[in-house]
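These notes are about the structure you will find just below.
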Amino acid sequence: MTKHLPISKKEDKIHLACSCESDFCTAKIPLLAGLPQALQRKLVEGTLRGTNQKGEFLLEEGNLSYSIKIIRQGRVKLNRYDKEGKEFILDILSQGDIIGVDLFFESAPSNYNAICLTEVKLCEISRELISSLISSEPEVAWSMIEHLSVKLRQASNLLEILQENDAGRRIAKFLLERSERAGIGQITLSIDDMAASIGLRKETISRKITELQNEGHIKRQGQRKIAILDPQGLRSLI
C-alpha cells in the first residue's frame, strides 16, 4: 500500500495559518463552535490549512496520529480491510466532520484508514496545541467529550443497522440515519459505498433502491446522490 505523509509535512500544500476572511472557521465546526471566541482565535492562529487530492491517505491504519483534521470541503472515507482484502467502510465524512479525535486521548496506532474521495480542503490542529489548551481551558476538553459522545451514538446506530437481517429494512434504516446526520434530506453515497458500509451485495442494494424509488420514498440523482422524499414512508418499512 502506498504511504502518504501527514498533511502537515506537505509544505507545498500548506498555509502556515488558517486565514478565514470573516467568522472563524472553528465556528462552523460542531466540536469547536461552542467555545468562547478567544479560544477559537487561539485555535485558528495555530491551525494549518491544506489541500489533498482524491485518493490520498490522510491517515493510514497502523500509523500514529499527531493532530486532528477538520474537513472544510470535500469527502473522506474511513475504512479498513480484512485479511482477504475485503473493504469495510466505517464512515463517510464531509464538511465540518473531524478526523482523529477518537485517537487523541491514547497513543495507539490508528485502526482505520482515512482516504480522500474527492479533493479535500483541511484545517489541521496539532496534538500539542490542543493538549496545552485542555490543560488551561476545560471547555476544550468538554467539547471533545461531547463530540466523542455523538460519534459513539452514531457507531451504536450503525451496529443496530448491521444487526438487521432483512435487506430492505437495513437499507431503509441506513438511508434514514445518513440523511438525519446530513440534515438536508439528501445523502451522497455510491452503491459501492453503501455496499461496503452495511455489508450487502451491490446488486441487492441497487434492486432495493430501485424499489424504494418506484414507491416514491426516495429519488436517485445521478450516481452518487439520493434524495429522501418520504422519510415517514421509510420509517414505516422498519
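Here the sequence shown is numbered in the numbering used here, starting from 908 and rising by one per residue.
Beta carbons: idealized from backbone N, C-alpha and C, even for Gly.
Predicted model only: the values in this text are computed from it and were never measured.
_Quick check on K976: does DSSP put it in helix, strand or coil?_
Correct three-state label for K976: strand.
*asked:* Which residue marks the beginning of the alpha helix (DSSP H) containing G962, and which one marks its end?
replied: For G962, there is no enclosing alpha helix (DSSP H), since its DSSP letter is neither H nor E.
*With a threshold of 16 other CB atoms inside 10 Å of the CB of I1105, please say whether the residue is buried or exposed.*
Under this definition I1105 is a buried residue.
*Buried or exposed by the 16-neighbour rule on C-beta atoms within 10 Å, applied to D1174*: This structure cannot settle anything about residue 1174, because the visible part of the chain is limited to 908 through 1145.
*Opposite Q1073 in the DSSP bridges: which residues?*
Going by the sequence as given, residue 1073 is Asp instead of Gln. Answer by DSSP bridge pairing: none, since D1073 is not bridged.
*For I1145, name the three-state secondary structure that DSSP assigns.*
Three-state DSSP puts I1145 in coil, outside helix and strand.
*Residue of A1015, L1141 and L955 minimising C-alpha distance to A1079*: Comparing Cα positions, the closest option is L1141.
*Where D1004 falls: helix, strand or coil (DSSP)*: Coil, per DSSP.
*asked:* Rounded to the nearest angstrom, what separates S974 and R1034 at their Cα positions?
replied: Inter-residue distance for S974 and R1034 is about 5 angstroms (C-alpha atoms, whole angstroms).
*If we count the other Cβ atoms within 10 Å of its Cβ and call it buried at 16 or more, is E928 buried or exposed?*
Residue placement at E928 is flagged as unreliable, the pLDDT there being 42, under the threshold of 50; a coordinate-derived value is accordingly withheld.
*7 angstroms Cβ shell around E1044 - same chain, five flanking residues per side excluded*: L946, listed in sequence order.
*Pick out whichever of S1143, R956, I1022 and R1127 has its Cα sitting closest to the Cα of S1001.*
Answer by Cα proximity: I1022.
*Pull up the distance between the alpha-carbon of G957 and that of N970, whole angstroms please.*
Cα to Cα, the separation comes out at about 20 angstroms.
_Same chain, Cβ closer than 7 angstroms to K984, neighbours up to 5 away in sequence not counted_ = Hits under 7 angstroms: I996, I999, I1022 and L1024.
*Distance between R979 and E1026 (C-alpha atoms, nearest Å)*: Going from the Cα of E1026 to the Cα of R979 covers about 11 angstroms.
_First and last residue of the uninterrupted beta strand (DSSP E) at S1097_ = Boundaries for S1097: no beta strand (DSSP E) harbours it, and the DSSP string shows neither H nor E there.
*Assign Y988 to one of two classes, buried (16 or more other C-beta atoms within 10 Å of its C-beta) or exposed (fewer than that).*
Under the 10 Å beta carbon count, Y988 is surrounded by fewer than 16 other beta carbons and is classified as exposed.
*What's the C-alpha gap between Q1130 and I1098?*
When rounded, the distance between both Cα atoms is 8 angstroms.
_Beta-ladder partner(s) of T954, from DSSP_ = Answer is I1032, bridged to T954.
_Residue span of the beta strand (DSSP E) that contains Q1128, given as start and end_ = From DSSP, the beta strand (DSSP E) with Q1128 extends over I1125 to Q1128.
_Tell me the residue span of the beta strand (DSSP E) that contains K993._
Annotation: K993 is outside any beta strand (DSSP E) and is labelled neither H nor E by DSSP.
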